[in-house]
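Just below is one structure, and these are the notes that go with it.
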Amino acid sequence: WNEAKVITSIQVAKGLRMEIRRNETDTSSVLVCAHRRIVGEILSSRCESRLALGQIWLAMMDGEAGVDSAPELAETHLRLGAVYEAAGGNEPSLRAYQRAAQLDPKSVAVARGLERMR
23 WNEAKVITSI QVAKGLRMEI RRNETDTSSV LVCAHRRIVG EILSSRCESR LALGQIWLAM
83 MDGEAGVDSA PELAETHLRL GAVYEAAGGN EPSLRAYQRA AQLDPKSVAV ARGLERMR
């Protein structure tokens with residue numbers, strides 16, 4: 023989990039630098055967006071870890087909070103879909119995977135999740 027958090031933070035930092043360069047006049051809104059993304063990614067990563075440990079309820083709480091924080095990231099929806107799938111919720115899982123597919127149509131992991139739901 024720590025390694026995933028570090029990698030995610032590095033990716034967000036790179037994206038943040040690019041956004042600040044594009045929007046140098048409005049740095050504060052860029053920082054707020056970056057903070058939301060970081061929080062969403064961290065919660066989503068923790069969701070994945072908790073799911074691996076069998077802590078379904080805690081994973082679901084983190085997954086939902088991750089999607090609330092960063093709804094524009096396909097990875098947050100993908101991980102939440104995996105939690106719903108593990109909990110036996112096929113309909114919410116399918117919705118989460120479909121949203122992930124809208125955000126990242128080329129993702130192999132999303133395609134696999136959708137395939138399992140059909």
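Note that the sequence shown covers residues 23 to 140 in the numbering used here.
Cβ coordinates follow ideal geometry from the N, Cα and C atoms, glycine included.
Between residue i and residue j, how many whole angstroms is the CB-CB distance? I'm expecting something under 8 Å.
{"i": "residue 111", "j": "residue 98", "result": "The Cβ separation is near 17 Å, so there is no contact."}
{"i": "residue 102", "j": "residue 69", "result": "7 Å"}
{"i": "residue 105", "j": "residue 81", "result": "5 Å"}
{"i": "residue 78", "j": "residue 109", "result": "5 Å"}
{"i": "residue 138", "j": "residue 107", "result": "7 Å"}
Compare the beta carbon distance of residue i and residue j with 8 Å and say whether it is the shorter of the two.
{"i": "residue 72", "j": "residue 90", "result": "no"}
{"i": "residue 119", "j": "residue 95", "result": "no"}
With a threshold of 16 other CB atoms inside 10 Å of the CB of residue i, please say whether the residue is buried or exposed.
{"i": "residue 92", "result": "buried"}
{"i": "residue 113", "result": "exposed"}
{"i": "residue 122", "result": "buried"}
{"i": "residue 2", "result": "The structure shown does not extend to residue 2, since the chain is modelled only from 23 through 140, so no value can be given for it."}
{"i": "residue 65", "result": "buried"}
{"i": "residue 59", "result": "buried"}
{"i": "residue 132", "result": "buried"}
{"i": "residue 51", "result": "exposed"}
### Unbroken stretches of the alpha helix (DSSP H), 4 residues or longer, contained in the segment 45-103
If we require 4 residues or more, the alpha helix (DSSP H) runs fully inside the segment 45-103 come out as 49-74 and 78-91.
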